[in-house]
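Using my numbering, the letters of the sequence shown map in sequence onto residues 1253 to 1549.
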Amino acid sequence: MKKRTLFLALTAMLAIAGTAGCGKNDPTPKTEEATQAAGSQETTKSGENKKEASKKIVIGGTSISKVYYDAIKDIFEAEGYETEFKTFDSNPVVLEACASGETDMALGQHKKFVMSYNKNNNANLDMAKPYAMYTGIGLYSEKYSSASEFPDGAKIAVMNDAMNEDIALRILENQGLIKLNADQKQATVADIAENPKKLEIIELDQGQTVTTLSDVDGACVFFTHMAAADKDASSYIARDSSMINYPMGVIVRKEDVDSDWAVAFAECFKDPSVQEKINKAFPNVFEFYTSDDQVKE
């Protein structure tokens, strides 16, 4: 009897010790279903990361901004992304495609132009940081070498979108050709208060200002359009003083502005090889930011 009692006690003690050991090492033993579920969760998480890294980014721009895309494409895709570039005829159409979701990104527009587009079209686009670069707008002429040489009634072409028209008119004002109403923050032709030479101001799409240069006495043209037309961007009579505050870079819908892919693409503009390729294609056209603090917003 004593032997049987001792045997039962030892059996109970071993059972308790065994249970305690399992509790310490594996408090919730995994069933086959649990193991499979855990593996599925890990696969899903890994799959999501892979999907983000391999996301196909559709990028819109004009033929000019395709140069920026071509300079960046290989570096960006080396990070695991796939890209496609769609070419559009004008910058407003590029922004429309991005706002509608036809593309994920727009290239080639400065930020203030984008903000103006948002206001006029009830869109929600923004620029990812870091900012890439800025360009300039110059007053050019194939007939005259200075603003004082423009004759009475001279024809001067300017951009017809409000943001860039204001910059062009400020250039003309700084050269003493016109005087604008002092209280206008974004001037148009209607805001010319004085026009002593009775200049004929012709409003055109920004891409047409360079193509009409031979037909007018002068034109305010983006450096980029001059370079794209194989003209010397540095041959201006006068240039703007404000474009440093008009950053160019990666335009996306606002919900994507901090996304990994948008920021990664923006950072590619900092790569020396990218800057070299862009400068080779567009000499004397761009200045690259070293800090976002250079921009006064």
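Here a beta-carbon is modelled for each residue, glycine too, at the ideal position from N, C-alpha and C. These figures come from a predicted structure and were not determined experimentally.
For Tyr1320, the enclosing alpha helix (DSSP H) begins and ends at Lys1318 to Glu1329. Assignment of Thr1464 by DSSP, reduced to helix, strand and coil, places it in the coil class. Secondary-structure assignment with DSSP links Thr1339 through a beta bridge to Gly1313. Taken through DSSP and simplified to helix, strand or coil, Lys1548 comes out as coil. A direct Cα-Cα distance of roughly 5 Å separates Lys1407 from Asp1469.
When the five nearest sequence neighbours on each side are left out, the beta carbons in the same chain lying within less than 8 Å of the beta carbon of Ser1368 are those of Asp1413, Ala1414 and Met1415, in order along the chain.
Assigned with DSSP and collapsed to three states, Ile1444 falls in strand. A direct Cα-to-Cα measurement between Gly1360 and Ile1430 gives close to 30 Å. In this structure, Leu1421 lies away from Ala1490, with their beta-carbon atoms at least 8 Å apart. Following the DSSP letters along the chain, one finds Leu1391 inside the beta strand (DSSP E) bounded by residues Ile1389 to Tyr1392. Restricting attention to Glu1348, Ile1453, Glu1394 and Lys1450, the CA atom closest to the CA of Lys1338 is found in Glu1348. Annotation: Gly1459 to Thr1387 spans about 15 Å, alpha carbon to alpha carbon.
For the options Ser1342, Ile1419 and Gly1428, the alpha carbon positioned closest to that of Ser1494 is the one of Ile1419. The continuous beta strand (DSSP E) containing Lys1407 extends over residues Lys1407 to Met1411. Fully enclosed beta strand (DSSP E) runs of no fewer than 3 residues occupy 1452-1456, 1470-1474 and 1500-1505 of the stretch 1450-1519, in order along the chain.
Listed as beta-bridge partners of Phe1540 by DSSP are Met1385. Across the structure, Ser1393 and Lys1318 are spaced so that their CA atoms are roughly 27 Å apart.
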